[in-house]
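**Q**
In the working numbering, the protein residues as written are 30 to 412.
1. When the Cα of residue 344 is compared with those of 229, 151, 328 and 68, which residue comes out closest?
2. Should residue 280 be flagged as near chain C, meaning a C-beta pair shorter than 7 Å?
3. Tell me whether residue 90 is buried or exposed, calling it buried when 16 or more other Cβ atoms sit within 10 Å of its Cβ.
4. Please state the DSSP three-state secondary structure of residue 387.
5. Alpha carbon to alpha carbon, what distance is there between residue 40 and residue 69?
6. According to DSSP, simplified to helix, strand and coil, what is residue 142?
7. Could you tell me which whole alpha helix (DSSP H) segments of length 4 or greater appear in the region 265 to 346?
8. Is it right to say residue 263 is buried, meaning 16 or more other beta carbons lie within 10 angstroms of its own, or is it exposed?
9. Ignore the nearest five residues each way along the sequence and tell me which others in residue 395's own chain have a CB closer than 7 Å to its CB.
10. Using a Cβ-Cβ cut-off of 6 Å (strictly less than) and excluding sequence neighbours within five positions of residue 45, which residues of its own chain qualify?
11. Can you tell me which of 342, 388 and 348 puts its alpha carbon nearest to the alpha carbon of residue 373?
12. Compute the beta-carbon to beta-carbon distance between residue 290 and residue 312, rounded to the nearest angstrom, for a pair I have assumed lies under 8 Å.
13. Assign residue 65 to one of three DSSP states: helix, strand, or coil.
14. Name the two residues that bound the continuous alpha helix (DSSP H) containing residue 101.
15. Any heavy atom of the ligand FMN closer than 6 Å to the CB of residue 204?
16. I think residue 397 touches residue 61, with their Cβ atoms under 8 Å apart; what is that distance to the nearest whole Å?
17. Quick one: what's residue 83 bridged to in DSSP?
18. Who are residue 216's beta bridge partners in DSSP?
19. Which term fits residue 410, buried or exposed, when burial requires 16 or more other beta carbons within 10 angstroms of its beta carbon?
20. If we count the other Cβ atoms within 10 Å of its Cβ and call it buried at 16 or more, is residue 355 buried or exposed?
21. For residue 178, which of 133, 353 and 338 has the nearest alpha-carbon?
22. Spell out the partners DSSP gives residue 32 in its beta bridges.
23. Inspect the beta-carbon positions of residue 261 and residue 284 and report whether they are closer than 7 Å.
24. Can the beta-carbon of residue 37 be found less than 7 Å from the beta-carbon of residue 92?
25. Please list the segments of the alpha helix (DSSP H) lying wholly inside the region 183 to 231, counting only runs of 4 or more residues, in order along the chain.
26. Give, in chain order, every unbroken run of the beta strand (DSSP E) that is at least 3 residues long and sits entirely within the region 134 to 180.
27. Excluding the 5 residues preceding and the 5 following residue 306 in the sequence, name in chain order all residues of the same chain whose CB lies nearer than 6 Å to its CB.
28. Kindly indicate the opening and closing residues of the alpha helix (DSSP H) around residue 55.
29. Run through DSSP, which three-state label would residue 365 get?
30. Cβ atoms of residue 297 and residue 272: under 7 Å apart, would you say?
31. If you drop the 5 nearest sequence neighbours on each side, which residues of the same chain put their C-beta closer than 8 Å to that of residue 76?
32. Would you give the residue range spanned by the alpha helix (DSSP H) that residue 244 belongs to?
33. Which one or two residues does DSSP pair with residue 39 in a beta bridge?
34. Take every Cβ of the region 135 to 151, pair it with every Cβ of the region 106 to 122, and state whether three or more of those distances are shorter than 8 Å.
35. Grouping DSSP H, G and I as helix and E and B as strand, with all else coil, what is residue 261?
36. Do residue 114 and residue 169 have their CB atoms nearer than 7 Å?
Spelled out as structure tokens, the structure:
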């Protein structure tokens, strides 16, 4: 079969982007013809059996560029006639939507004022989401978090049968062959840290949304004796200026290390002591599952969809909503003061993800896409 994968922008280090490429490769490996339609491709070619169709467009505002890109993709899809269209961004014409982002209209009403909901940007993104979720539609939704289904249904009354809740994919292969002691030594050597350094790791682009400022404040609140042994390593595609300025005001700029997105995050996880992910918004949080797979303990906020797995495994501490900085300060100090607790959390997370891996098909999404495509073909034949 011919599968079209649609993603507005591809870069190697985004969670949705990595999931998209993993699923596309699984479909290609099962003998299907796969084309990826995008407005921007950064990184290596996707591999054998997958073609990238890049349709760059221009525009002043983000939603204007997206509208023009959707028009270009729609025209190309009409010409190519794929059997199934799988989208990783919301737009009309999808057969399957991989829900890597939280409900737009819910966030717009919860986080923004009424004036924003009169804007062209709001109208565009709300219409794009409605095209996917409308109760009268036919698009199937692959969900990373069951709680998001309730939110969508509150706004759109989407039928249950169109939702498919996915257990997390466990990236065992990414950590195979990495020696923990060697990784610890390599991380400290690369960044010029003492061998005894305690390394907090934060991974994710969009530093404010991922809560890097919260981590910096918690670092600054540590007792001096503890703080003097701790460094915060932030990995992501974002401008660090505001975070550097915050660290300078709090007197911890010498405790903060930045590095851009990179392919060896598994090695960094194996060489660090704690993953800090105090996100303000995070539909799932692939990085949480990766950290658990690595045996790295976590400190996360409960807004992350995958925080439920952290809590179920006992793989770290989950901060409740509404967020309180003093609670994070106390939680960080507690975990850093207790090496045995960190070890226990790390082992619990590793066992938990290993158990999921034994029960989950590594090609689950590709199998679902095939089933949906076959059902669509039967419906077309009957018509």
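Cβ atoms here follow ideal geometry from the backbone N, Cα and C, with glycine treated the same way.
**A** In brief:
1. If you number the chain shown from 1, residue 344 lands on position 315. Per the Cα distances, 328.
2. Looking for chain C here will not work: only one protein chain is present.
3. Reading the chain shown from its first residue, position 61 is the one you call residue 90. Of the other Cβ atoms in all chains shown, fewer than 16 fall within 10 Å of the Cβ of residue 90; this residue is therefore exposed.
4. Residue numbering aside, residue 387 sits at position 358 when the chain shown is read from its first letter. In the structure shown, residue 387 sits in a helix (DSSP, three-state: H, G or I).
5. Counting from one through the chain shown, the residue named residue 69 turns up at place 40. Counting from one through the chain shown, the residue named residue 40 turns up at place 11. For residue 69 and residue 40, the distance between alpha carbons rounds to 8 Å.
6. As a working note, residue 142 is residue 113 in the chain shown. Residue 142 falls in the coil class under three-state DSSP.
7. Restricted to the region 265 to 346, the alpha helix (DSSP H) segments that are unbroken, complete and at least 4 residues in length are 270 to 279, 294 to 300, 315 to 323 and 336 to 342, listed in chain order.
8. Along the chain shown, one-based indexing puts residue 263 at 234. Under this definition residue 263 is a buried residue.
9. In the chain shown, residue 395 corresponds to position 366, counting from 1. Apart from sequence neighbours up to five positions away, the residues of its chain that approach residue 395 with a beta-carbon distance below 7 Å are 52, 55, 56 and 59, ordered along the chain.
10. The count along the chain shown starts at 1 and reaches residue 45 at position 16. 117 and 129, listed in sequence order.
11. The residue given as residue 373 occupies position 344 in the chain shown. Of the listed residues, the one whose Cα sits closest to residue 373 is 342.
12. By 1-based counting over the chain shown, the position of residue 290 is 261. By 1-based counting over the chain shown, the position of residue 312 is 283. Residue 290 to residue 312, Cβ: 19 Å. No contact.
13. Along the chain shown, one-based indexing puts residue 65 at 36. Of the three classes helix, strand and coil, the one that applies to residue 65 here is strand, per DSSP.
14. Start at 1 with the first residue of the chain shown, and residue 101 comes out as number 72. Where residue 101 is concerned, the enclosing alpha helix (DSSP H) stretches over 91 to 109.
15. Judged by which ligands are present, the structure shown has none, so any question about the ligand FMN falls away.
16. The residue you call residue 397 lines up with position 368 of the chain shown. The residue you call residue 61 lines up with position 32 of the chain shown. Incorrect: roughly 13 Å between the Cβ atoms, too far for contact.
17. Here residue 83 is taken as the residue at index 54 of the chain shown, counted from 1. Per DSSP, 67.
18. As a position in the chain shown, residue 216 is number 187, starting the count at 1. In DSSP, residue 216 forms no bridge with anything.
19. Here residue 410 refers to the residue found at position 381 of the chain shown. It is exposed - the Cβ of residue 410 has fewer than 16 other Cβ atoms within 10 Å.
20. The residue labelled residue 355 in the question sits at position 326 within the chain shown. The residue is exposed, with fewer than 16 neighbouring Cβ atoms inside 10 Å.
21. Sequence index remark: in the chain shown, residue 178 carries index 149 (1-based). Out of 133, 353 and 338, the CA that lies nearest to the CA of residue 178 is found in 133.
22. Residue mapping note: residue 32 aligns to position 3 of the chain shown, counting from 1. BP columns for residue 32 point to 63 and 113.
23. Reading the chain shown from its first residue, position 232 is the one you call residue 261. Reading the chain shown from its first residue, position 255 is the one you call residue 284. Going by C-beta atoms, residue 261 is nearer than 7 Å to residue 284.
24. By 1-based counting over the chain shown, the position of residue 37 is 8. By 1-based counting over the chain shown, the position of residue 92 is 63. Going by C-beta atoms, residue 37 is not nearer than 7 Å to residue 92.
25. Within the region 183 to 231, the complete alpha helix (DSSP H) segments at least 4 residues long are 201 to 204 and 209 to 219, listed from N- to C-terminus.
26. Correct list: 169 to 172.
27. Walking along the chain shown from the start, residue 306 turns up at place 277. Once the five neighbours on either side are set aside, the close Cβ partners of residue 306 are 329.
28. Your numbering for residue 55 matches position 26 in the chain shown. That run of the alpha helix (DSSP H) goes 44 to 58.
29. Reading the chain shown from its first residue, position 336 is the one you call residue 365. Here residue 365 sits in helix by DSSP.
30. Within the chain shown, residue 272 is the residue found at index 243, counting from 1. Within the chain shown, residue 297 is the residue found at index 268, counting from 1. No, Cβ-Cβ distance for residue 272 and residue 297 is not below 7 Å.
31. The residue you call residue 76 lines up with position 47 of the chain shown. Only 54 and 57 meet the Cβ criterion.
32. The sequence position of residue 244 within the chain shown is 215, counting from 1. In the DSSP annotation of this structure, the continuous segment of the alpha helix (DSSP H) that includes residue 244 starts and ends at 241 to 249.
33. For this step, residue 39 is matched to residue 10 along the chain shown. Its beta-bridge partners are 70.
34. Below 8 Å, too few C-beta pairs join the region 135 to 151 and the region 106 to 122 to call them touching: fewer than three.
35. Here residue 261 corresponds to residue number 232 of the chain shown, with the count starting at 1. For residue 261, the three-state secondary structure derived from DSSP is strand.
36. Along the chain shown, one-based indexing puts residue 114 at 85. Along the chain shown, one-based indexing puts residue 169 at 140. For the pair residue 114 and residue 169, the CB atoms are not nearer than the 7 Å cut-off.
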